[in-house]
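Engineer: I am attaching a structure below and will ask some questions about it afterwards.
Chains as they are written, first to last, in the working numbering: chain A, 247 to 359; chain B, 338 to 450.
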């Protein structure tokens with residue numbers, strides 16, 4: 247079956263702009279996670295959804311970052327007033343339920359000029 | 338705070354060699370540990386998930402072990418092939434009941450033909 251998909255695969259934007267990154271989880275997976283990976287580092291947790299609600303958003307770096315999952319499937323990560331330090335690969339993962347194996351998508355590479 | 342360390346940071350071996358990658362974590366109150374593979378510019382592929390009640394898990398030429406009490410896991414790769422060249426990451430939950438994963442920086446493996 248289809249895995250986790252993310253769009254766009256690459257996004258180049260200018261400092262100060264607003265961006266949206268989309269994640270389509272594996273069908274039927276109730277848990278969805280966002281991570282961010284900088285070059286040479288492991289992924290760092292941003293936010294976790296169980297169904298439509300954000301169960302843990304402790305990894306969001308500041309209030310410029312926001313994520314939604316209105317129907318419990320697709321999720322959008324929104325970044326306002328982008329900064330050069332936001333440049334990274336944003337990874338999405340899903341899981342059939344909590345406390346299970348996480349399956350990752352290919353990521354969105356965000357570059358802020 | 339959960340911290341994950343992977344040793345070595347990089348490893349280069351000739352084809353056919355058996356090898357071991359190491360992962361250590363500071364908080365042993367975990368419910369599982371996951372090993373991933375990441376190819377350059379790609380997302381993460383889940384290799385093995387070990388539940389806290391298990392001591393090891395096998396998939397093909399891969400064998401992962403878990404020693405919770407000492408905070409260690411190893412990934413054993415038998416008869417390595419050039420196609421095994423990638424970065425290998427291990428991840429554990431941030432704390433006892435947490436859904437968020439904490440990753441190591443990974444071990445970059447190169448298998449030379």
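A virtual CB, placed ideally from N, CA and C, is assigned to each residue, including glycine.
Applying a beta-carbon distance threshold of less than 7 Å, which residues of chain B neighbour residue 288 (chain A)?
Structural biologist: For the purposes of this step, residue 288 (chain A) is identified with residue 42 of the first chain, where counting begins at 1. Under the 7 Å cutoff, chain B gives 426, 440, 441, 442, 443.
Engineer: From the DSSP output, in three-state form, read off residue 430 (chain B) for me.
Structural biologist: For the purposes of this step, residue 430 (chain B) is identified with residue 93 of the second chain, where counting begins at 1. Strand.
Engineer: Quick check: what's the CA-CA separation for residue 253 (chain A) versus residue 385 (chain B)?
Structural biologist: Walking along the first chain from the start, residue 253 (chain A) turns up at place 7. Walking along the second chain from the start, residue 385 (chain B) turns up at place 48. Going from the Cα of residue 253 (chain A) to the Cα of residue 385 (chain B) covers about 27 Å.
Engineer: Is residue 419 (chain B) helix, strand or coil when you go by DSSP?
Structural biologist: As a working mapping, residue 419 (chain B) is identified with position 82 in the second chain. Three-state result, residue 419 (chain B): helix.
Engineer: Give me the residue from A:357, A:346, A:313 with the minimum Cα distance to residue 331 (chain A).
Structural biologist: Translated into positions along the first chain, residue 331 (chain A) becomes position 85. Of A:357, A:346, A:313, the residue nearest in Cα terms is A:357.
Engineer: Quick one: list the residues of chain B neighbouring residue 387 (chain A), beta-carbon separation under 7 Å, in chain order.
Structural biologist: Here chain A has residues from 247 to 359 only, and residue 387 (chain A) is not among them.
Engineer: For residue 302 (chain A), which residues in chain B fall below 7 Å Cβ to Cβ?
Structural biologist: Within the first chain, residue 302 (chain A) is the residue found at index 56, counting from 1. Simply 436, 437.
Engineer: Kindly say whether residue 371 (chain B), judged by its beta-carbon, lies nearer than 8 Å to any beta-carbon of chain D.
Structural biologist: Within the model displayed, chain D is absent; protein chains A and B are what it includes.
Engineer: State the DSSP-derived secondary structure class of residue 303 (chain A), mapped to helix, strand or coil.
Structural biologist: Position 57 of the first chain, counted from the first residue, corresponds to residue 303 (chain A). Reduced to three states, the DSSP call for residue 303 (chain A) is coil.
Engineer: Under 7 Å Cβ-Cβ, which residues of chain B neighbour residue 294 (chain A)?
Structural biologist: Reading the first chain from its first residue, position 48 is the one you call residue 294 (chain A). Residues of chain B passing the Cβ test: 436, 437.
Engineer: Check each candidate in A:303, A:323, A:278 and name the one with the smallest Cα separation from residue 340 (chain A).
Structural biologist: On the first chain, position 94 is the one that residue 340 (chain A) refers to. When only C-alpha atoms are compared, the closest one is A:278.
Engineer: Would you call the region 423-442 of chain B and the region 360-378 of chain B in contact, with 3 or more CB pairs under 8 Å?
Structural biologist: These segments touch.
Engineer: Alpha carbon to alpha carbon, how far is residue 402 (chain B) from residue 354 (chain B)? Give it in angstroms, no decimals.
Structural biologist: Along the second chain, one-based indexing puts residue 354 (chain B) at 17. Along the second chain, one-based indexing puts residue 402 (chain B) at 65. Computed Cα separation, rounded: 19 Å.
Engineer: Taking the CB atoms as reference points, tell me whether residue 381 (chain B) and residue 427 (chain B) lie closer together than 8 Å.
Structural biologist: In the second chain, residue 381 (chain B) corresponds to position 44, counting from 1. In the second chain, residue 427 (chain B) corresponds to position 90, counting from 1. Cβ atoms of residue 381 (chain B) and residue 427 (chain B): not closer than 8 Å.
Engineer: Use the C-beta contact count for residue 447 (chain B): other C-beta atoms within 10 angstroms, 16 or more gives buried, fewer gives exposed.
Structural biologist: Position 110 of the second chain, counted from the start, is the residue given in the question as residue 447 (chain B). Per the 10 Å Cβ criterion, exposed.
Engineer: Can you pull the DSSP bridge partners for residue 346 (chain A)?
Structural biologist: Numbered from 1 along the first chain, position 100 holds the residue referred to as residue 346 (chain A). The partner list for residue 346 (chain A) (beta bridge, DSSP) is empty, contrary to what the question assumes.
Engineer: Against residue 386 (chain B), what residues of chain A qualify as contacts under a CB-to-CB distance less than 7 Å, listed in chain order?
Structural biologist: Walking along the second chain from the start, residue 386 (chain B) turns up at place 49. Those are 347, listed as they occur along chain A.
Engineer: Considering just the uninterrupted stretch of the beta strand (DSSP E) at residue 314 (chain A), what are its terminal residues?
Structural biologist: Here residue 314 (chain A) is taken as the residue at index 68 of the first chain, counted from 1. Taken as a continuous stretch (DSSP letters only), the beta strand (DSSP E) holding residue 314 (chain A) covers 311-314.
Engineer: Secondary structure at residue 404 (chain B), three-state DSSP: helix, strand or coil?
Structural biologist: Numbered from its first residue, the second chain carries residue 404 (chain B) at position 67. Strand at residue 404 (chain B).
Engineer: Thinking C-alpha only, which one of A:273, A:285, A:267, A:282 is nearest residue 323 (chain A)?
Structural biologist: Your numbering for residue 323 (chain A) matches position 77 in the first chain. The shortest C-alpha separation from residue 323 (chain A) is found at A:267.
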